[in-house]
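Numbering (our numbering), first residue to last: 636 to 759. Just below is one structure, and these are the notes that go with it.
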């Protein structure tokens, strides 16, 4: 017997156009190599999913990642991530789904502007 699980997401996720660079940057735990950059899979007003290298697949739900930068085109949005899941992807990478908390009101405005641009681009 199968069960139906209600989707907990209340906001639409938006893919970022392939010609527009989009990444998540943060310092990996114990990483003395500096900030790491990961490709954004999709984005919503409350969260972001990104491709994660296998060595970081041990991140667990509930892990907080401070000092994160989302880069979408020329726009940089600063904040903090809360990992919700890490799931194996189609290739050797994993997909990390997380909530995103903008650092400041300015960052929140920038994020909303980026999302609005993705919404408009999606209607073409």
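Think of the CB as a built atom: it goes at the ideal place given N, C-alpha and C, for glycine as much as any other residue. The structure presented is a predicted model; accordingly, all values stated were derived computationally and were not measured.
Within the same chain, 673, 694, 721, 728, 729, 730 and 731 come within 8 Å of residue 687 by CB-CB distance, once the 5 residues on both sides are set aside. Taking the Cβ atoms as the reference, residue 714 lies roughly 5 Å from residue 738, within the contact range of under 8 Å.
Linking residue 700 to residue 718 through their CA atoms gives a straight-line distance of about 8 Å. In this structure, the beta-carbon distance from residue 735 to residue 753 does not fall below 7 Å. The continuous beta strand (DSSP E) containing residue 706 extends over residues 699 to 707. Going by C-alpha positions, residue 670 is about 13 Å away from residue 706.
As computed with DSSP, residue 732 is found in a beta bridge with 684 and 720. Between residue 712 and residue 661, the gap from beta carbon to beta carbon reaches 7 Å or more.
Residue range 670 to 678 is occupied by the beta strand (DSSP E) that includes residue 676.
Residues 707 and 710 of the same chain have their beta carbon placed closer than 6 Å to that of residue 749, with the five preceding and five following residues left out of the count.
Look at residue 689 here: in three-state DSSP terms it is helix. Cβ neighbours of residue 746 within its own chain (closer than 6 Å, five residues either side excluded): 712 and 737.
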